[in-house]
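Quick note on our numbering: the sequence shown kicks off at 38 and runs consecutively. Down below is the structure, laid out as structure tokens.
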Amino acid sequence: MSGTTTSGRGRTAGVPRLSGGGGNRWTVLIVLCVSLLFVALDTTILYVAVPSVTEDLRPGPVELLWIVDVYPLIAASLLILFGTLGDRVGRRRILLLGYGLFGLASAAAALAPNPQILMVARALLGIGGAMIMPATLSILRQVFPDRRERAVAIGVWSAVAAVGAAVGPVLGGFLVENFWWGSVFLINIPMMAAMLLIGRWLLPESRGERNGPWDVIGAIIAALGVLGIVLGVKRIGSGAAVLGPTALVPIVVGIALLVLFVRRQHRREHPLIDMRLFSRPAFGTSVGCIVLAMLALVGLQLIAVQYLQLVLGLSPLETGLRMLPLVFAAMAAGLTGSKMLQALGPRAMVSLGFVLTAVAVLCLTAMSSQDRPWLLSLGFVLLGFGFQSTLFGAYESMLSEAPAEQSGGAAAIGETSYQLGAGIGVALLGSVMNAAYAPGLSHVDGVPGRAAASAAHSLGEAYKVAAGLGPAAKAALREAARDSFVRGLHITLVASAVLLLVGAAIALRLPRRAADSMERAEGDTGTSDGAAAGAGRGSEPAPASSGR
38 MSGTTTSGRG RTAGVPRLSG GGGNRWTVLI VLCVSLLFVA LDTTILYVAV
88 PSVTEDLRPG PVELLWIVDV YPLIAASLLI LFGTLGDRVG RRRILLLGYG
138 LFGLASAAAA LAPNPQILMV ARALLGIGGA MIMPATLSIL RQVFPDRRER
188 AVAIGVWSAV AAVGAAVGPV LGGFLVENFW WGSVFLINIP MMAAMLLIGR
238 WLLPESRGER NGPWDVIGAI IAALGVLGIV LGVKRIGSGA AVLGPTALVP
288 IVVGIALLVL FVRRQHRREH PLIDMRLFSR PAFGTSVGCI VLAMLALVGL
338 QLIAVQYLQL VLGLSPLETG LRMLPLVFAA MAAGLTGSKM LQALGPRAMV
388 SLGFVLTAVA VLCLTAMSSQ DRPWLLSLGF VLLGFGFQST LFGAYESMLS
438 EAPAEQSGGA AAIGETSYQL GAGIGVALLG SVMNAAYAPG LSHVDGVPGR
488 AAASAAHSLG EAYKVAAGLG PAAKAALREA ARDSFVRGLH ITLVASAVLL
538 LVGAAIALRL PRRAADSMER AEGDTGTSDG AAAGAGRGSE PAPASSGR
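Here is the structure:
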């Protein structure tokens, strides 16, 4: 029987213990979290540097779009490839290669003399990020075989991921204001060099079962499929028509390739990912919850940043500081997630997290063109705590349900779901926002029709158009645009809350208690080795702690 069995306190058989006692596991967690922090930072840190990059390198509109988008686009498309490759050749090896590539690409990006080199460097950063992200989660799965300890570790890991993405604009604003735009990449170099040395010395090597050849063609099909979907979704988020060829064709091709990938995995004796994992309610439901949580909130986060900067007139640094309550609340939820999981169980924790987040989102509908810092802070605290509780419970359930030898593939599925949800959320909620915003600018006193049509594209565009008008028309257009934006924000918040409540309903399919999945695991692993072998590969779920 290849796979996992329960022994002792739910420890995974075949997972090597780290020398030096339990303290080493937590040191490994620190290394993994620092790695993840810098990868997460790079998803958002460039946002505030875009004006400086535009002024210095003079990229065209399409080039600028690719400079911003190519990193998450490449990273999302390669997660499954590198996650499953790590299972085969060694997760530590892939992680160390990712450190090296990420550091070199950061140097190239920081010193880029033109937009083309910056785009290539950002693409290489995406490849390095795709090597690092699933490896951190799969190594965590290996070094914390006990489910109680693993829950604590996943809480810390998920909190760091949230902190990295949220702190990116704050750190980026500080660096751009005090140095130059290249400094947002330069900070990665010493950290990646340190991680490469420390990781080579400290991190354990682990891999899954190595029976049969690695499915190179399947990995490429999966990468191209995810790339097509994410590319199409990003084009919709950038304003392309949903049924237009630039958005629809990549999405259709991407879906077709992913269907082909799934059918190929079902036919192969040694698949990259055992698709029977999705037949387990805990695994499939957890993946769906991750997608819905990201879908409901990431697009909303970008709209909130526009509200703080364009409606309230805050600087990028002030905007980042205003969002710190969300960061601290997410950290608190991650650090206390293990206790909550023990007390509530996966079903209640994820469902209540969705409900709390929906309540927070509805509270934020009281926002107006007037600054209400206490309301924003309260909403962000509830938002951060509820959102992080949801992600924690979903990730923990997903990773604990997957066999240890497939932890890289499972981690890649979770991270891909995260990226897909984020991309779809930006497109979906951005479309809702645009549909609600534009009608308010159809007729503005003193503003020509062509100018009003341009202003209807976005609030930032409305401000640019207003700058070229007379005093009365300028004031009228700015006020109308602000009012329309706030009204559109309220509608978008309600749409987000509806998606979150749908997520709460879906989460009711999760196990009531964390121990439920352990009981299923014991039932599966209680069969004979021959029966398990006959049932096929990876039939045993990951064990849970026997004390749960």
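Where is the CB? At the ideal position from N, CA and C, for every residue including glycine.
The alpha carbon of residue 92 has as its nearest neighbour, out of 366, 150 and 174, the alpha carbon of 150. Pairwise C-beta distances place the stretch 119-137 out of contact with the stretch 183-199, as fewer than three of them are shorter than 8 Å. Taking residue 539 as the centre and dropping the five residues before and after it, the same chain places the C-beta of 329 closer than 7 Å to its C-beta, in chain order. Per DSSP, residue 411 is one residue of the alpha helix (DSSP H) stretching across 410-438.
About 15 Å separates the CB atoms of residue 145 and residue 111; that is not less than 8 Å, and the two are not in contact.
Here residue 271 is buried, its C-beta having at least 16 other C-beta atoms within 10 Å.
Residue range 59-81 is occupied by the alpha helix (DSSP H) that includes residue 67. DSSP places residue 228 inside the alpha helix (DSSP H), whose first and last residues are 225-239. Within a 10 Å sphere around the beta-carbon of residue 95 sit fewer than 16 other beta-carbons, which makes this residue exposed.
For residue 480, there is no enclosing alpha helix (DSSP H), as DSSP marks it with neither H nor E. Closest option to residue 415, judged by alpha-carbon separation, among 62, 402, 113 and 474: 402. Your pair residue 435 and residue 320 checks out as a contact, with CB atoms roughly 6 Å apart and the cut at 8 Å. Under the three-state reduction of DSSP output, residue 216 falls in the coil class, being neither helix nor strand. Per DSSP, the unbroken alpha helix (DSSP H) holding residue 130 starts and ends at 128-147. Nearest Cα to residue 452 within the set 211, 251 and 118: 118.
For the pair residue 295 and residue 262, the CB atoms are nearer than the 8 Å cut-off. In this structure, residue 361 lies away from residue 430, with their beta-carbon atoms at least 8 Å apart. Within a 10 Å sphere around the beta-carbon of residue 547 sit 16 or more other beta-carbons, which makes this residue buried. For residue 252, the three-state secondary structure derived from DSSP is coil.
In the structure shown, residue 386 falls within a helical segment according to DSSP collapsed to helix, strand and coil. DSSP places residue 541 inside the alpha helix (DSSP H), whose first and last residues are 508-543.
When the five nearest sequence neighbours on each side are left out, the beta carbons in the same chain lying within less than 7 Å of the beta carbon of residue 180 are those of 55, 62, 65 and 241, in order along the chain. In chain order, 181 place their CB closer than 6 Å to the CB of residue 187, counting only its own chain and leaving out the 5 sequence neighbours on each side. Per DSSP, residue 550 lies in no alpha helix (DSSP H) and is assigned neither H nor E.
About 7 Å separates the beta carbon of residue 523 from that of residue 348, a gap short enough to meet the 8 Å contact definition. In this structure, residue 520 sits away from residue 467, with a CB-CB distance that is not shorter than 8 Å. Counting along the chain, residue 298 sits inside the alpha helix (DSSP H) bounded by residues 282-304.
Ranked by Cα distance from residue 302, the options 292, 331 and 259 are led by 259. Look at residue 96 here: in three-state DSSP terms it is coil, with no helix or strand label. Note on residue 283: under 16 other CB atoms within 10 angstroms of its CB, so exposed under the neighbour-count rule. Residue burial annotation: residue 205 is buried, with at least 16 other C-beta atoms found within 10 angstroms of its C-beta. For residue 153, the enclosing alpha helix (DSSP H) has its first and last residue at 152-180.
Straight through space, the alpha carbons of residue 210 and residue 356 are spaced by roughly 9 Å. Around the C-beta of residue 254, fewer than 16 other C-beta atoms lie within 10 Å, and the residue is accordingly described as exposed.
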